[in-house]
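Let me begin by presenting the structure, written as structure tokens, before commenting on it.
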Amino acid sequence: MSVSGAVPQGDNHDATQEFIGKPPLDTAQQLRIRATHRGFTYQNLYAVGCLLRLRDAGAESLLVERDEDLEVVLPGRRLYLQVKTRKSCVLAWSDIRDALDQYRGVRAEHDADRRSGSPSLIVITNAQPGPDLLDRTVVVDWPSDVHLLYPGRPSEAEPWLPTPPPDLEAMMQWCTDEASNVRFASLRPRTLVEKLAARVQYASTGALGQGFVAADLAQLFEQFVQELQAFPESPHTYRPQKTDPELVGEQRVRLVVGHSGAGKTTWAADAAKRCSLPVTYCDVADGVSVDGLAESLAREVAARHLSDPAGTELPYGSSIDVLRAVHRRLEEAGIIVAVVLDNAHRVPVDGLRALIAALPTAQWVLLAHPWPDQPILETHLGVAPQVLPGWGVDTVVEVFAAEGCRADYATARRVITLTGGLPLYVGQAAVLARSQYGADVAEFCDAFGEGAHAMPTAQERILERAFAGLGETAKALAGLLALAEVPLKRDELQLLAAEVELASRSVNGRALRELAGLGLTQSFGDGHLKLHDAARLVVPQVLEGLAEETADRVQRTLCQIVEGDWDPQRRSRWMRLLGSTGQIGVLIALTEEEGFFERDYPREVRADLADTACDPASDPALRLDAHNALAAWAFNEGDMEALASHVHAMETIHRAGHPDFGPREAMLVASRQFRLYGPAVALTQLRRAFAEAHTQTPVPSRFDRGLRYEYAAALWEAGEYLEAGELAAGLIDTYMDHLGLTPPDVLLPVEVFLERCISHDTPDDFKRLADCFDLLVKVARKLDRMDFEPWALWAFKLYNASGAMRSAIDSGQDLADVECWSNPAGALKQLDSLLGAAQENNLLDMIVGIRSQRSLVLALTGDVPGARAEMETLARYDLTPSESDDIRHQSQLIEEIANSSSR
């Protein structure tokens, strides 16, 4: 059929046009037909309106075309509905007289108890009652059980009945609007109305028992309760975060907060698989109303846990009421569910409270971005937010390995610092390292840390949006926290703020709350706070906008704040600030401490010392000490060429002389020469250098003791193990006498050694004594002797007391080597402690070695699968040649243990 005047094409065009365009032969008959059908359709639609409200009325059934047009059966009552439509605007007495006469017979049946319930006749019309009819309704003898219902006059006795609209079109619209309130309908409202009208007409023919039962309406309405949302599909291989919590805990509400990319939804999807409770997931759409969300939640919960027909019989009313009804059904069934509400920050706090109150027995898991109203919700619900900790180092290495990139432990930790360990950010970093930096993870970190990478990342886009919404004070404080890098107390941050004229505590307090509200800062239990690691990249460098004098003052203030703190992060930041503020003398003095090379030190320190060492304008004494430190680094890294270069530079500077040069400087030059000659097995040069330096060193003195130890260590490097051991044993006696120690003191706790070390005139000698015991252990190992446990114990305790953590861990590993065969459980505990010490002191290059040794001990305890899994994990790292050899050796021993235990 053509519409809008379009001309249809084809052979039947002329016939169709004639059929449509010609008027009927009998126009009066057509009007009668239209009026008849309009009347029946109005009546059918009114029946539809009654069906849509039938359950609200508490009715049992609706009958059509029986004793009246419509009959409604309610508990103890029966309504007879006579529907009258009139083309004119007036309903006359004559229009309803026959209906009242017929009703008298119906009433008689009820009075005789041949029909149950109390009857009422309700005349429903689309017209206004005429004057005569209205006058009759107010006389005394008008039946009290007969009522009129017309446009603008709702029923007082039965308020659930639709107030009749004035025409068919309005009746259709009323029904459509009402149908839109049907819970969980699968049909569009207009389609549902048309379907119901057809069913009413069909029932009017005598089909379907001429009635509709209220209990069957859900199916008739094509209501369905179906789970529409499920957890987003998890990755094929889920990689847990450092400490994945279970989905539900003791608290009824768990609030998990993190920026996009933190892996909240993926964690919840994985945790749901292990949850003992049935889980419902619902993602909050942007802009959804609380009512809409409540209905969505009701649908999801009912679909999963009330799937029987009773589950669809939910009441009408507000959406919160429906959710409460779902709760009551769950409670009756004894079902406790877990509800995961994703993007909960999109819901007003009052709305969240209402939802949680409507399902009081459910365990709630709210996943949210940080948002300003978060503290209000925490207060109202009495919950503390949880932050997923991000991926650990092993997982980061695994993710990069999957992209064909290998990273050592320190570089993987650096990735975590740059990305916060957030899964999305780490994954994208791995892709960029492969595609843009030839799989060189360290180069990627350098570029990413400096903002020199070419491809924008999700991390930057997400956090830049958060940062853009900050006020100027909050941005400035974020810049100061980024400059600090380490956690600061509020008073410490205030000192920095004062240097850039942000001195108002109240204003700064509000700005800090603003940063916290967007999740850009992290607070710690001891009162410290810091900028989130991942956010540091998007915060502009605060020093760039400051005058040179102000920038220097800010850095010096920060330097004073972190000075003297033995926390590895603060100490590292302090050392870098010494360089950037020109305090090279203080920095070089640090390198003279025995424990300096035993702890973590930032890479930038080497660059600062190299600049000083190569600067001819620098003081020769500073240059000598700078080369001395650089020589120690070169030796530790096995870079003999660099070592030789620094030793020759030291010799040249020492020969040139300096007023401050004395026994110390002679000992330093000779010690570095020993490190050059020993590994080269240049015994003649080694002995000559020792003899020459010995003549310049007073005896007894700390310089003489230090010189003799360095000489013994060089002999060990040269393979002269027995001579090295004899010298070390003699030195031990000397140091013991000097420090007032006796052999039984080895049983003293470390704390006692620490007190003596602190109070002694030459505390570094405790570390030197430990070096001598450690040298005896090395000699014993080279001679294939395993009786070194007492020496290793001395070394371990003395190293700990003197703060030489790198050597303390080495000695602890020696002790574990001895103990593992007789007491593997004790050795495992020892290695776990050493692993924690290495991580705490940021000695990242030691981690793989400790874990490799721990794997062997794990196998000795009987956990061969765990040992193999650990070795597989370590094999993903970018290993040094010695680490690779160690892992191969330990893996072979693990397999030997596995084979022997299977026999």
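Just so we're aligned, residue 6 is where the sequence shown starts under our numbering, counting upward by one. Don't be surprised by glycine CBs; every beta carbon is placed ideally from N, CA and C. All values reported here derive from a predicted model rather than from experimental measurement.
Mind checking residue i: buried by the 16 CB within 10 Å criterion, or exposed?
i, result
"Q231", "Here the model assigns Q231 a pLDDT of 48, short of 50, so the residue's position is not dependable and the matter cannot be decided."
"E756", "exposed"
"D779", "buried"
"L720", "buried"
"I763", "exposed"
"G15", "Confidence at G15 is low in this model, with a pLDDT of 42, below 50, so its placement is unreliable and the value that follows should be read with caution. Under this definition G15 is an exposed residue."
"F695", "buried"
"E455", "exposed"
"M580", "buried"
"T242", "exposed"
"D837", "exposed"
"H350", "buried"
"R329", "buried"
"P134", "buried"
"V145", "exposed"
"S149", "exposed"
"E646", "exposed"
"Q368", "buried"
"F640", "buried"
If you reduce the DSSP assignment to three classes, tell me which class residue i lands in.
i, result
"P134", "strand"
"K247", "coil"
"F679", "helix"
"S528", "strand"
"V559", "helix"
"W638", "helix"
"L252", "coil"
"A343", "strand"
"Y716", "helix"
"Q368", "strand"
"A315", "Because the pLDDT at A315 is just 41, under 50, the model does not fix this residue reliably, and the value given afterwards should be weighed accordingly. In the structure shown, A315 sits in a helix (DSSP, three-state: H, G or I)."
"H477", "The residue asked about is misnamed: residue 477 is Glu in this sequence, not His. Three-state DSSP puts E477 in a helix."
"R608", "helix"
"D445", "strand"
"S123", "strand"
"H385", "helix"
"Q48", "helix"
"E882", "Note that residue 882 is Tyr in the sequence shown here, rather than Glu. Residue state, collapsed to three classes: coil."
"Q546", "coil"
"P684", "coil"
"L107", "In the sequence on display, residue 107 carries Gln and not Leu. Q107 falls in the helix class under three-state DSSP."
Report back the beta-carbon spacing between residue i and residue j to the nearest angstrom; my notes put them in contact at under 8 Å.
i, j, result
"Q858", "Q897", "Not quite, the Cβ-Cβ distance comes to about 14 Å (not below 8 Å), so this is no contact."
"V784", "Y726", "5 Å"
"T285", "E300", "Wrong, their Cβ atoms sit about 14 Å apart, outside the cutoff."
"V547", "L485", "6 Å"
"L781", "F793", "7 Å"
Shorter than 8 Å from the beta carbon of residue i to some beta carbon of chain C?
i, result
"G683", "The displayed structure is made up of one protein chain only, and chain C is not part of it."
Would residue i and residue j qualify as a contact pair, given that the criterion is a beta-carbon distance under 8 Å?
i, j, result
"P124", "Y85", "yes"
"R244", "P283", "no"
"D428", "G263", "According to the sequence as given, residue 428 is Pro; it is not Asp. No."
"D296", "S324", "yes"
"I361", "V258", "yes"
"A631", "T617", "yes"
"T4", "D399", "Outside the displayed span of the chain (6 to 908) sits residue 4, for which this structure offers no information."
"A675", "L712", "yes"
"T196", "N131", "no"
"A277", "V345", "yes"
"S585", "Q560", "yes"
"A661", "L648", "no"
On the DSSP bridge assignment, give the partners of residue i in chain order.
i, result
"L153", "V128"
"F217", "L67"
"A373", "V262"
"L96", "P134"
"D288", "D347"
"E469", "BP columns for E469 are empty, so no partner."
"E875", "Answer is none; E875 lacks a bridge partner."
"V78", "S66, R83"
"R411", "D445"
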